[in-house]
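Counting from 1, one number per residue, gives the positions in the sequence shown under UniProt numbering. All residues carry an ideal CB built from backbone N, CA and C; glycine is no exception. Just so it is clear, the structure is predicted and the values come from calculations on it, not from any experiment. Worksheet for the structure shown next.
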Amino acid sequence: MAAVRQWLDRMTETWTPPTHGDLTSPWRFLFWLTRSQSRRVATGALLGTVWMVGLAVPPWVLSRAVDEGLVAGDTAALVSWALVLLVVTVLNALVGIARHRTMTKIRMDASFRSVRATVGHTSRLGASLTRRVSAGEVVTVGIADVYTVAMALTVTGPGVGAVVAYAVVAVVLFTISPLLAAVVLAGVPLLAVAVGPFLQRIERTGGDYRVHQGRLTTRLVDVLAGLRVLNGLGGKGAVAERYDHDSQGLVNRGYRVAGPSSWVGALSTGLPALFLAAVVWLSARMAATGDISIGDVVAVYGYVAVLVVPVSAFIEGGGDIARARVAGQRIIDLLNLPVTRDNHRDAAVVPADGGPLADPQSGVVIYPGRFTALVAGRPAEAVAVVERLGQLSTDPEVGATWADVRIDDVARDEFRRRLVVADNHAEVFAGTVRDVVAGRLEPDDERIRAALHAAVAEDVVQALPGGLDASIEAGGSDLSGGQRQRIQLARAIYAAPEVLLAVEPTSAVDANTEAAMIDRLREARRDSTTVITTTSPLVLDRADEVIVLVDGQTSSVGTHADLLRSDRGYRDLVSRAQGEQENHE
């Protein structure tokens with residue numbers, strides 16, 4: 001793990017994200033991965049070339065040992081050439097180890113860069129990600145596609161070495177026999193061409209398989225997330241049968257991909273062996289007629305046997321690239337999803353003391369330092385206001401402002417640091433209570449306990465073994481709805497943003513807990529801007545200001561008591577919400 005962290009630190013120093021031009025095709029994406037570590041790739045190509053060319057040296061040394069030692073009856077020469085053979089073999093083994101280490105680093109670097117690019121882009125997409133691409137697709141890209149693309153970079157080492165070794169062996173064979181050299185020069189390309197149709201089938205069938213793999217992974221994620229509900233409704237069996245049927249369909253598609261892939265694997269071994277047998281037979285016939293010596297026959301056998309390695313590398317590399325084109329297309333499809341708002345060089349700056357948040361579409365104005373409640377007969381209208389003020393809306397014409405500065409002109413990093421949106425759909429990642437509450441910030445136990453107190457979540461921690469070191473499962477699946485809601489609120493409080501926009505943060509708790517949460521939240525965020533969407537009379541009564549929305553527009557503004565007297569629609573809405581709450585209790 002320490003080695004991986006050191007590797008990531010070194011990569012961070014050379015990290016530059018892919019440009020738009022790097023994402024126009026899988027080839028350009030592969031070129032970006034190669035260019036990003038050009039020195040290492042050049043080293044891998046050099047070591048791959050030395051290693052493969054070095055494989056051709058032992059046959060030549062062996063031929064000298066046969067002709068000058070065995071045939072000539074010279075024991076000293078035989079021993080000398082045997083020692084040379086030993087040295088050459090050891091040196092080539094060392095080069096092979098260095099080549100393998102370098103290629104492993106190249107694949108690791110490519111994987112980390114691909115993952116970092118996808119993670120960075122998905123974070124910029126923010127809440128719009130789930131509406132534009134499925135969770136299963138993201139998971140499959142981050143695991144399967146990244147690995148497949150990284151494997152294709154193997155061709156930068158053995159692939160380059162294979163080309164050079166092929167040319168060197170052809171030249172050496174020409175010095176022995178032009179006929180043998182011509183057979184090798186013509187035969188190896190024919191072997192590669194024979195595999196071409198299978199590579200095309202891999203691309204066609206692999207694309208279809210990859211699409212259905214993403215869909216099935218999405219379904220699995222959804223099933224796992226809703227497993228408790230399915231158990232309660234008795235629908236687990238039906239969902240399992242459907243998943244089994246779809247997974248069998250994916251297996252059948254996998255067979256269609258595996259067919260040409262297995263042929264490529266078989267041909268990468270079988271065709272070079274047949275080619276070796278044909279060339280050895282031809283060289284043996286030439287030795288029988290005296291055209292070449294016995295030592296030359298041994299050398300030819302060794303040279304052609306060496307060609308098995310580059311030919312196999314050609315074929316396997318072709319298969320890797322064919323699969324990488326499919327996987328690379330899925331990666332760049334994700335990376336090409338447009339970000340409606342992002343950091344840019346001339347980002348506007350919100351004054352340090354902030355200012356009012358304004359949403360022109362609804363007429364909502366949030367003044368700094370107040371505890372404001374948004375209430376609407378249709379809760380989705382209040383949520384829409386929060387999404388526009390919190391830069392979660394995908395509508396490019398939002399036009400919301402903060403201190404008269406358009407929020408889409410503010411640098412995203414600064415905006416997310418100073419303004420936090422907290423809703424009940426926010427993800428709870430697996431980890432300790434300390435890590436979950438601290439989020440992306442450095443944990444401070446004293447501040448964490450204060451945040452838990454403000455969210456009335458001390459009892460949640462006390463009920464878990466280990467206190468702040470207690471583990472929470474992914475999604476907070478081991479917590480009740482109210483417990484998860486309070487942990488989420490504690491995380492938002494710990495972030496200490498200038499502006500907190502909270503969507504129904506008390507909807508899953510009882511009245512006593514709700515009253516305590518609001519009182520403590522007001523105290524914890526005294527003199528800070530806090531906005532809550534709610535219809536709860538308990539919350540509305542404690543708000544400094546209540547904004548009433550009707551058909552998505554601001555209808556009235558005032559305190560809870562004033563609105564109860566002056567706004568009949570508000571009074572009816574609150575009475576209805578209070579009745580529903582009492583019935584629920």
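| Item | Value |
| --- | --- |
| Suppose you measure from the CA of residue 95 to the CA of residue 166; what does that come to, to the nearest Å? | 18 Å |
| DSSP on residue 344, reduced to helix/strand/coil? | The pLDDT assigned to residue 344 is 48, lower than 50, so where the model puts this residue is not dependable; a value taken from the coordinates is nonetheless given after this. Reduced to three states, the DSSP call for residue 344 is coil. |
| Consider the C-beta atom of residue 259 and the heavy atoms of the ligand ATP; say whether any pair is separated by less than 7 Å. | Within the structure as shown, the ligand ATP is missing, as the structure has no ligands at all. |
| Residue 430 lies in the alpha helix (DSSP H); which residues open and close that run? | Counting along the chain, residue 430 falls outside any alpha helix (DSSP H), and DSSP gives it neither H nor E. |
| Give the secondary structure of residue 317 by DSSP, where H, G and I count as helix, E and B as strand, and everything else as coil. | helix |
| Should residue 121 go down as buried or exposed, given a rule of 16 or more other Cβ atoms within 10 Å for buried? | buried |
| If the criterion is Cβ atoms closer than 8 Å, does the pair residue 531 and residue 366 meet it? | yes |
| Residue 307 and residue 163: beta carbons closer than 8 Å? | no |
| Enumerated in chain order, which unbroken segments of the alpha helix (DSSP H) with a length of 4 residues or greater are wholly contained in the region 436-495? | 445-454, 458-462, 481-495 |
| Short check: CB of residue 502 to CB of residue 373, under 8 Å? | no |
| Nearest-angstrom Cα distance between residue 24 and residue 330? | 12 Å |
| How many angstroms separate the CA atom of residue 586 from the CA atom of residue 149? | The question about residue 586 has no answer here: the residues shown for the chain are numbered 1 through 585. |
| Give the C-beta separation of residue 301 and residue 56 to the nearest angstrom, bearing in mind that I take them to be a contact with Cβ-Cβ under 8 Å. | About 12 Å; that fails the 8 Å criterion. |
| Confirm, please, whether the CB-CB distance from residue 41 to residue 156 is below 8 Å. | yes |
| In angstroms with no decimal places, state the Cα-to-Cα distance between residue 657 and residue 472. | Residue 657 is absent from the model: the chain starts at 1 and stops at 585. |
| Of the residues 504, 506, 429, 495, which one's Cα is nearest the Cα of residue 476? | 429 |
| Hey, could you find the ends of the beta strand (DSSP E) residue 421 is sitting in? | 419-422 |
| Just to confirm, are residue 508 and residue 488 a CB contact at a threshold of 8 Å? | no |
| In terms of residues, what are the limits of the beta strand (DSSP E) holding residue 523? | That residue, residue 523, is in no beta strand (DSSP E); its alpha helix (DSSP H) goes 511-524. |
| Let's test the definition: count the other Cβ atoms within 10 Å of the Cβ of residue 452 and tell me whether it reaches 16, buried, or not, exposed. | buried |
| Can you tell which of 515, 482, 455 has the C-alpha that lies nearest to the C-alpha of residue 492? | 455 |
| Would you kindly work out how many angstroms separate the C-alpha atoms of residue 422 and residue 383, rounded to a whole number? | 11 Å |
| So what's residue 553 in DSSP terms, helix, strand or just coil? | strand |
| State the DSSP-derived secondary structure class of residue 296, mapped to helix, strand or coil. | helix |
| Touching or not, the region 98-113 and the region 27-40, by the rule of three or more beta carbon pairs under 8 Å? | yes |
| Return the Cβ separation of residue 284 and residue 63 in integer angstroms, given the expectation that the two are a contact with Cβ distance under 8 Å. | Rounded, the Cβ-Cβ distance is 15 Å, inconsistent with contact. |
| Distance check for residue 158 and residue 67, CA to CA, integer angstroms please. | 32 Å |
| To the nearest angstrom, how far is the alpha carbon of residue 381 from that of residue 534? | 11 Å |
| Between residue 279 and residue 180, is the Cβ-Cβ spacing less than 8 Å? | yes |
| Residue 141 to residue 332, Cα distance in whole Å? | 10 Å |
| What first and last residue would you give for the beta strand (DSSP E) that runs through residue 501? | 499-503 |
| Name the residue from 425, 444, 424 whose alpha carbon lies nearest to the alpha carbon of residue 433. | 444 |
| Taking residue 418 as the reference, which of 400, 371, 500 has the closest Cα? | 500 |
| Between the C-alpha atoms of residue 291 and residue 65, what's the straight-line distance to the nearest angstrom? | 20 Å |
| Since I believe residue 545 is in contact with residue 554 (beta carbons under 8 Å), could you give me their beta-carbon distance rounded to a whole number of angstroms? | Their Cβ separation, rounded to whole angstroms, is 12 Å, which puts residue 554 and residue 545 out of contact at 8 Å. |
| If we call anything under 8 Å between Cβ atoms a contact, is residue 457 one with residue 406? | no |
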